[in-house]
Amino acid sequence: MPLDPPIAALLNQMEANGASGGLMAGGDIAAARTLMAQMLGGLAMAEAPTGVPDPETIEIPSGAGPIPARVYRPATPGPHATLVFVHGGGFALGDAVSYDGQVKAVAAGADVVTVSIDYRLAPEHPFPAAVEDAIAATTWVGEHLDELGGDDRLAVGGDSAGGNLSAVVAQTRRDAGLPLAAQLLIYPVTDPATTYPSHEENGEGYFLTASDMRWFEQAYAGEQDIAAGLADARAAPASGNLEGLAPAVVATAGFDPLRDDGDAYAKALAAAGVTVRHLENPSLIHGWLALAPLSPAAREARDAALAALKDLLA
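Position 162, counted from 1, in the sequence shown is what this note's numbering calls 165; the numbers after and before it change by one each time, with no gaps.
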């Protein structure tokens, strides 16, 4: 299937503006964070109204300090499940504020109370800081479901790096005897130590580049050897035990460098006996969750993923 035309037009415009080399092309983390926030902010302004009120801002206590979070509550009558949403950005970019538009759409589409969390970012805070924050935040949310407005169903989900962290949280919750109701993994990175064909096929010209991925991997690994550090199951959930995990929605994109990674994880989950809704989106690129205002195909992909999550939670 060819690339989605509205997304192709966007990529062509980025190339004309000299912005097609990837977020980390200049190697300036501050500039990349600003650019990503601006891009997501612009897309959020174009989102259709969801009916979800502006979020409540909270701080979740943890051993490493408070974790900023935003609580989104659907306008529909309950009961509602609760979703801990973990943003993407290569473990180095993004925050809950810039994901506002996407998370409102998630809360409305899946009809869930959604707690969108921040976490410590690389390279200032390499692995396992982000994992520790995601686990701590999910643990706290699980202990405060009633006051947050949800029932006893707890799910976790995120996109890209957030999908990675969500998959790790799902494994740690199972190991602790506190299984989740579902997990939502949107174009996740689950096996960063493995090179897949899609890394090369889609490594240039489709927003997320192969050079971006290498930069993010090194930043996340910190001073550890990349091959050893990224093989740890807390960094590479594909290397962990997949049996007995929560039902999963795994959504991928045909023109994404991470396509094969997500597809392989969906197949591995199914082989381990986990209920999986594997949604392939052959015409889309990495980041389609935010592109719904520009692309009907991206909007359909987002709607399908959220409908699948809602169905699993029911």
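In this text, a Cβ means the ideal position worked out from N, Cα and C, and glycines have one as well.
The straight-line gap separating the alpha-carbon atoms of residue 162 and residue 146 is approximately 24 Å. In this model, residue 184 and residue 307 are separated by some 18 Å (Cα to Cα). In the structure shown, the three-state DSSP call for residue 64 is coil.
Distance between residue 292 and residue 204, taken at the CA atoms: about 21 Å.
DSSP places residue 223 in the helix class (H, G or I) of the three-state scheme.
In this structure, DSSP gives residue 189 an extended state, which the three-state scheme calls strand. Check the Cα spacing between residue 286 and each of 30, 299 and 277: the tightest is with 299.
Residue 299: member of the alpha helix (DSSP H) spanning 299-316, first to last residue. Counting C-beta atoms within 10 angstroms of its own C-beta, residue 41 has fewer than 16 neighbours from the protein chains shown and is therefore classed as exposed.
Secondary structure note for residue 281: its beta strand (DSSP E) is the uninterrupted segment 279-282. Annotation: residue 177 to residue 277 spans about 12 Å, alpha carbon to alpha carbon. Excluding its 5 nearest sequence neighbours in each direction, residue 213 has C-beta neighbours in its own chain below 8 Å: 202, 203, 206, 207 and 260, listed in chain order. A straight line joining the alpha-carbon of residue 107 with that of residue 53 spans about 7 Å.
Between the C-alpha atoms of residue 20 and residue 80 there is a straight-line separation of about 46 Å.
Residue 39 counts as buried, since no fewer than 16 other beta carbons sit within 10 angstroms of its beta carbon. Ranked by Cα distance from residue 171, the options 158, 236 and 136 are led by 236. Per DSSP, the continuous alpha helix (DSSP H) segment holding residue 169 begins and ends at 164-178.
Annotated three-state conformation of residue 252 is strand, per DSSP. Look at the beta carbons and you see the region 43-61 touching the region 98-114: at least three pairs across the two are nearer than 8 Å.
Cβ neighbours of residue 9 within its own chain (closer than 6 Å, five residues either side excluded): 297 and 298. For residue 138 and residue 248, the gap between their C-alpha atoms comes out near 16 Å. The C-alpha of residue 123 lies about 21 Å from the C-alpha of residue 44.
With a minimum length of 4 residues, the unbroken runs of alpha helix (DSSP H) contained wholly in the region 93-128 fall at 103-113.
Of the other Cβ atoms in all chains shown, fewer than 16 fall within 10 Å of the Cβ of residue 4; this residue is therefore exposed. If only uninterrupted alpha helix (DSSP H) runs of at least 4 residues are considered, those enclosed by the region 13-70 are 32-48. DSSP places residue 157 in the strand class (E or B) of the three-state scheme. With a 10 Å radius around the Cβ and a threshold of 16 neighbouring Cβ atoms, residue 15 comes out exposed.
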